[in-house]
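2 protein chains.
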Amino acid sequence: MFESAELGHKIDKATYDKEVPKLREDLLNAQFDVAQKAKFPVIILVGGVDGAGKGETVNLLSEWMDPRHIQANAMGEMSDEERERPAMWRFWRALPPKGKIGVFFGSWYTAPIVQRVLKKTSAATLNQHIEQINRFEKMLTDEGALVLKFWFHLSKDAQRKRLKALEKDPKTRWRVTKLDWERFGMYDKFRKVSEHALRETSTAEAPWIVVEGADERYRSLTVGKILLDAMRKRLANTAKSAPAVAPLQSAIDQLDVLDKLDMSQKIAKKKFDSELEKYQGKLALLTRDPKFKNLSVIAVFEGSDAGGKGGAIRRITGALDARHYRITPVAAPTEEERAQPYLWRFWRHIPRIGRFTIFDRSWYGRVLVERVEKFCSEADWMRAYGEINDFEEQLSESGAVVLKFWLAVTKEEQLRRFKEREKIGFKRFKITEEDWRNREKWDDYEHAVCDMVDRTSTEIAPWTLVEANDKNFARIKILKTLCERIEGAMKKVK
Amino acid sequence: MFESAELGHKIDKATYDKEVPKLREDLLNAQFDVAQKAKFPVIILVGGVDGAGKGETVNLLSEWMDPRHIQANAMGEMSDEERERPAMWRFWRALPPKGKIGVFFGSWYTAPIVQRVLKKTSAATLNQHIEQINRFEKMLTDEGALVLKFWFHLSKDAQRKRLKALEKDPKTRWRVTKLDWERFGMYDKFRKVSEHALRETSTAEAPWIVVEGADERYRSLTVGKILLDAMRKRLANTAKSAPAVAPLQSAIDQLDVLDKLDMSQKIAKKKFDSELEKYQGKLALLTRDPKFKNLSVIAVFEGSDAGGKGGAIRRITGALDARHYRITPVAAPTEEERAQPYLWRFWRHIPRIGRFTIFDRSWYGRVLVERVEKFCSEADWMRAYGEINDFEEQLSESGAVVLKFWLAVTKEEQLRRFKEREKIGFKRFKITEEDWRNREKWDDYEHAVCDMVDRTSTEIAPWTLVEANDKNFARIKILKTLCERIEGAMKKVK
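Below, the structure is given as structure tokens:
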């Protein structure tokens with residue numbers, strides 16, 4: 073992996089001085105086209121050996137291009153707001169929108185590699201991180217991002233020489249600390265772990281570019297040219313060719329998870345009142361338990377139109393302290409959200425630990441309404457299943473209890489509710505033309521729901537299908553499920 | 073102030089049960105109209121004596137209304153991201169957008185009152201906070217927000233009784249801590265300070281509503297009815313009547329700050345090169361000094377079209393570490409930004425301590441382009457001067473060095489640059505029709521610039537007028553000013 077970066081590459085001053093002005097102009101023009109015409113985000117990762125010119129190169133890029141549209145993110149120590157969320161949250165919040173360039177100095181590779189070098193994690197954990205990274209970067213490129221990963225390399229000998237040279241010069245002596253030499257002592261281990269990580273994450277969509285860091289002119293020109301080349305290629309090829317998509321299996325006997333629901337289940341008023349009191353009381357106690365401070369709850373509500381989501385949510389929040397929950401009603405994405413990968417607008421609402429977040433509709437819109445109404449391509453919603461599973465895995469790993477409720481009503485019951493709502497005429501319950509149009513696609517939606525459940529009901533984030541023809545039954549089932557899941561998670565908290 | 077809230081108000085159960093269903097329906101309908109039709113934000117502050125039902129009322133409001141469009145913000149301990157910014161930043165980031173209701177449990181009153189009660193601040197400081205709060209709330213209401221401030225009161229006797237009652241009941245005993253009794257010991261002091269703060273901040277636009285907290289039914293019904301009444305009034309009166317505006321003074325002798333600039337100042341190439349090296353070197357050292365970690369720099373660039381802002385900014389960033397600066401190019405506000413008060417979109421870019429932020433155009437757009445092009449009303453840009461001064465004062469108080477550069481060129485020089493740019497034809501420098509149109513309003517812009525300088529050049533955030541006909545001269549003047557201001561600020565840092 074590093075062989076070509078230990079050959080002693082050099083560029084003489086005359087060549088460099090001749091090439092740079094043209095390169096800068098070309099880079100500026102390409103940057104302009106990315107910002108004004110093609111509008112895709114450029115994500116540049118900068119990693120590698122200390123002293124191999126990472127910082128210098130980041131500065132140089134900002135100098136060569138229009139600094140107003142390139143942003144360097146030094147991912148140093150986490151803030152407490154970052155520590156209390158999934159590890160990837162800080163990267164999501166720093167992703168450049170379409171048309172901009174974001175440089176990550178220190179990236180999602182840093183922690184997995186360093187932890188492994190320091191033996192804080194096992195080889196298996198590193199590999200798990202690597203897999204997660206590959207899926208994350210695949211998502212970025214699928215979403216249209218240009219991802220460039222530069223690794224700045226120095227041979228062991230070159231690094232020793234560089235540290236010594238810095239120490240010798242009174243002007244740069246301060247830059248070399250004890251920590252630098254300590255790290256140098258781990259060179260071989262670091263090299264081994266990085267090589268493994270780089271090899272396993274050098275994909276067709278986002279390959280690593282290893283740059284020999286010893287000669288400043290060589291590394292600057294190399295990075296500049298590769299960046300230019302990559303932007304130009306991507307500019308020339310903006311028409312995304314739709315990847316071939318394998319058909320989803322579909323049951324040939326017409327039996328699906330929704331058909332299996334017993335929609336006749338009911339709870340009578342009197343029993344409902346006592347059960348409601350019981351489970352709301354339980355939920356109130358659970359969420360006020362000191363242990364709850366180490367958890368968070370993310371509850372997703374999806375369901376047929378008029379399925380009773382709003383009413384069910386109110387039965388939950390009635391038991392909660394308004395200061396600790398938040399409801400995120402999911403509507404059409406805003407302009408800032410449309411300039412980011414699909415899941416970005418949900419990541420931004422991920423709570424700190426100890427909070428209770430309810431999504432009234434959610435990221436599942438991708439595989440429901442967007443699929444059925446053809447708002448996105450087949451390839452886009454097909455890959456969403458995996459992306460969503462990754463997302464929920466990260467939520468769960470960070471201590472969140474992820475609950476997903478599908479409120480199912482029969483076609484007849486929906487009709488009855490639509491008509492009832494039209495009659496009552498409460499403004500807020502108005503049935504719109506869209507509701508009637510959606511109803512015409514009932515079978516398509518049913519089909520999409522079944523695929524969704526099949527592909528995203530996981531052990532860590534299972535779907536709860538709620539028979540919601542009877543509102544009382546639905547509300548109690550939801551409250552009960554919530555209590556059970558939270559109780560289960562709290563048992564695991566120290 | 074509190075007399076009416078110590079009378080022992082009570083509502084009997086029958087009355088309450090009769091009134092609540094209607095009130096809830098009315099509240100829901102009003103909330104719907106705010107969200108769908110009138111689209112203004114509703115900001116509800118909840119403060120007062122412990123045990124007077126603050127938390128219960130917040131919960132009740134969320135229960136009575138649609139919880140998806142009401143958000144309770146518990147402003148507890150600050151996160152580190154909040155601590156490293158001006159005190160008001162955390163409230164700005166939590167402001168509800170148009171159409172939503174935001175409840176602040178603990179507000180911008182909490183810290184000033186508590187600090188004064190604990191004698192950590194002087195009476196003069198409290199009064200200064202009160203003035204700042206009045207200006208802030210005036211801005212909110214001027215921006216169209218409905219601001220409701222509820223103060224929940226208990227007489228000393230009632231509070232003692234309540235604490236004792238809670239202690240007696242095994243189910244609520246845990247709620248009473250030593251701290252509660254300690255606070256109770258400060259009742260008189262707390263009452264005195266709060267009364268003063270409430271009196272001084274009970275304005276026509278945002279008056280305090282003091283609610284007796286002893287009787288749950290009384291306080292719930294009171295708050296619900298007042299909220300409903302306020303929303304209805306505001307809904308009925310959405311046509312904002314433009315306040316009368318006094319004319320700005322204008323010099324009758326045609327002499328203004330721009331006329332006084334010596335636009336012939338120049339620096340020759342050779343001198344420029346050495347000065348550039350000198351000041352860039354100085355800036356590089358200053359921003360890498362350990363003391364710089366306790367400062368932040370906020371540099372604003374405004375100027376005539378083709379005034380050379382971009383080039384000047386590049387001469388600064390060339391001396392900085394790309395990981396520590398950020399450039400915010402200010403373009404048209406996004407949809408999310410348009411749903412907030414004018415300054416919100418700048419507040420969101422305010423950096424943590426130790427950073428260097430450059431605004432390429434800024435909040436001054438309000439009193440320049442928006443004034444000249446009549447994008448906002450006269451009253452709006454007139455009040456902006458004061459709002460901006462408040463904003464910059466807060467930045468400065470939090471440790472930021474605020475610099476503002478106006479790059480002035482003569483009308484002739486602008487014409488020369490426009491023509492030159494058209495000839496070069498570099499895409500990114502293209503002169504647009506808009507640039508030519510702006511040029512026709514040269515005198516209006518000059519006039520607006522002079523008013524801006526007169527009204528916003530303050531000791532803490534002075535304007536630096538830069539004679540920019542000669543680019544070299546402009547760049548050195550800017551670098552030099554930056555170095556001097558940072559140096560000055562660093563001397564004050566321990």
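Keeping their order, the protein sequence lines are chains D and E.
For the first sequence, my numbering gives the first residue as 73, with consecutive numbering after it.
For the second sequence, my numbering gives the first residue as 73, with consecutive numbering after it.
Every residue gets a Cβ at the ideal spot worked out from N, C-alpha and C, and that includes glycine.
Backbone CA spacing between residue i and residue j [nearest angstrom]
i: E:P169; j: D:A456; result: 30 Å
i: D:G577; j: D:F222; result: Since the first and last residues shown for chain D are 73 and 566, residue 577 of chain D lies out of range.
i: D:G285; j: E:M211; result: 54 Å
i: D:A371; j: E:V248; result: 32 Å
i: D:F431; j: E:I115; result: 23 Å
i: D:E347; j: D:E485; result: 24 Å
i: E:R232; j: E:E78; result: 14 Å
i: E:V422; j: E:D152; result: The sequence shown places Ile at residue 422 of chain E, rather than the Val named in the question. The straight-line gap from Cα to Cα measures roughly 14 Å.
i: D:V175; j: D:A166; result: 10 Å
i: E:I339; j: E:N544; result: 6 Å
i: E:S568; j: E:D331; result: In the structure as shown, chain E begins at 73 and stops at 566. Residue 568 of chain E is therefore absent and cannot be evaluated.
i: D:E409; j: E:L551; result: 37 Å
i: D:F364; j: E:Q352; result: 52 Å
i: D:E450; j: D:R443; result: 7 Å
i: E:V439; j: E:D452; result: 9 Å
i: E:R304; j: E:A102; result: 7 Å
i: D:L537; j: E:P279; result: 49 Å
i: E:Y88; j: D:A183; result: 59 Å
i: E:R360; j: E:K297; result: 58 Å
Cβ distance (whole Å) where residue i is taken to contact residue j below 8 Å
i: E:F177; j: E:A146; result: 5 Å
i: D:L554; j: D:G471; result: Not a contact, Cβ separation roughly 17 Å.
i: D:L479; j: D:A384; result: 7 Å
i: D:E277; j: D:T213; result: 4 Å
i: E:V283; j: E:V265; result: No, E:V283 and E:V265 are not in contact; Cβ-Cβ is about 19 Å, not under 8 Å.
i: D:V121; j: D:A144; result: Between D:A144 and D:V121 the Cβ distance is about 19 Å, and since that is not below 8 Å, they are no contact.
i: E:A540; j: E:G382; result: Going by Cβ atoms, the distance from E:A540 to E:G382 rounds to 12 Å, so no, they are not a contact pair.
i: D:P139; j: E:T482; result: Rounded, the Cβ-Cβ distance is 27 Å, inconsistent with contact.
i: E:I425; j: E:S468; result: E:I425 to E:S468, Cβ: 13 Å. No contact.
i: D:I558; j: D:V329; result: About 25 Å; that fails the 8 Å criterion.
Beta-bridge partners of residue i, as assigned by DSSP
i: E:S368; result: E:A472
i: E:Y567; result: An answer regarding residue 567 of chain E cannot be provided, because it is not within the stretch 73 to 566 covered by chain E.
i: D:E374; result: D:W478
i: D:F224; result: D:G120 and D:V283
i: D:I173; result: D:V114 and D:I142
i: E:G218; result: Per the sequence shown, the amino acid found at residue 218 of chain E is Leu instead of Gly. E:L218 is bridged to E:V114.
Proximity test, residue i beta-carbon vs the ligand SAH heavy atom, cut-off 8 Å
i: D:K236; result: By its list of ligands, the structure shown contains no ligand whatsoever, and the ligand SAH lies outside what it can speak to.
*Identify every run of the beta strand (DSSP E) within the region 133-161 of chain E, keeping only runs that are complete inside it and at least 3 residues long; order them along the chain.*
Listed in chain order, the complete beta strand (DSSP E) runs (minimum 3 residues) inside the region 133-161 of chain E are 142-146.
*If contact means a Cβ-Cβ distance below 9 Å, which residues of the region 528-547 of chain D contact chain E?*
Per Cβ criterion, the list is empty.
_By the 7 Å beta-carbon criterion, what residues does the region 221-247 of chain E contribute toward chain D?_
Taking 7 Å as the Cβ-Cβ cut-off against chain D, none of the residues of the region 221-247 of chain E qualify.
_Interface residues of the region 383-405 of chain E facing chain D [CB-CB below 9 Å]_ = The region 383-405 of chain E vs chain D, Cβ under 9 Å: I385, R386, T389, G390, L392, D393, A394, R395, H396, Y397, R398, I399, T400 and P401.
_Continuous alpha helix (DSSP H) assignments of at least 4 residues falling wholly in the region 404-483 of chain E_ = Listed in chain order, they are 407-410, 416-419, 441-444 and 450-469.
*Residues in the region 413-445 of chain E having any Cβ partner in chain D nearer than 9 Å*: Those residues of the region 413-445 of chain E that come within reach of chain D (Cβ to Cβ, closer than 9 Å) are R424, I430 and D432.
*asked:* Report the start-end ranges of each beta strand (DSSP E) in the region 277-310 of chain E that is 3 residues or longer and not cut off at the edges.
replied: Under the rule that a run must span 3 or more residues, the beta strand (DSSP E) segments found entirely inside the region 277-310 of chain E read 280-284.
*Could you list the residues in the region 129-149 of chain E with a C-beta less than 9 Å from some C-beta on chain D, going in chain order?*
Those would be V130, N131, L132, L133, S134, E135, D138, P139, R140, H141, I142, Q143, A144, N145, A146 and G148, in chain order.
_3-residue-minimum beta strand (DSSP E) runs that sit fully inside the region 501-554 of chain E, ordered along the chain_ = Correct list: 535-539.
*the region 170-183 of chain E: which residues have C-beta closer than 8 Å to a C-beta of chain D, in chain order?*
Using a CB distance below 8 Å, the part of the region 170-183 of chain E facing chain D consists of V175 and F177, ordered along the chain.
*Closer than 8 Å, Cβ to Cβ, to anything on chain E: give me those residues from the region 151-171 of chain D, in chain order.*
Closer than 8 Å at the C-beta level to chain E, one finds these residues of the region 151-171 of chain D: S151, D152 and E153.
*asked:* Short of 9 Å Cβ to Cβ, which residues in the region 461-495 of chain E face chain D?
replied: Cβ contacts with chain D: none found.
*Every unbroken alpha helix (DSSP H) inside the region 178-207 of chain E [4 residues or more]*: Those alpha helix (DSSP H) runs which fall completely within the region 178-207 of chain E and span 4+ residues are 182-189.
*Any residues in the region 367-381 of chain D with a beta carbon nearer than 7 Å to a beta carbon of chain E? Which ones, in chain order?*
Of all residues in the region 367-381 of chain D, none has a C-beta nearer than 7 Å to a C-beta of chain E.
_Proximal residues, the region 116-130 of chain E versus chain D, C-beta separation under 9 Å_ = Listed in sequence order: G127 and V130.
*Could you run through the region 191-219 of chain D and flag, in chain order, every residue whose CB is less than 7 Å away from some CB of chain E?*
The region 191-219 of chain D vs chain E, Cβ under 7 Å: nothing.
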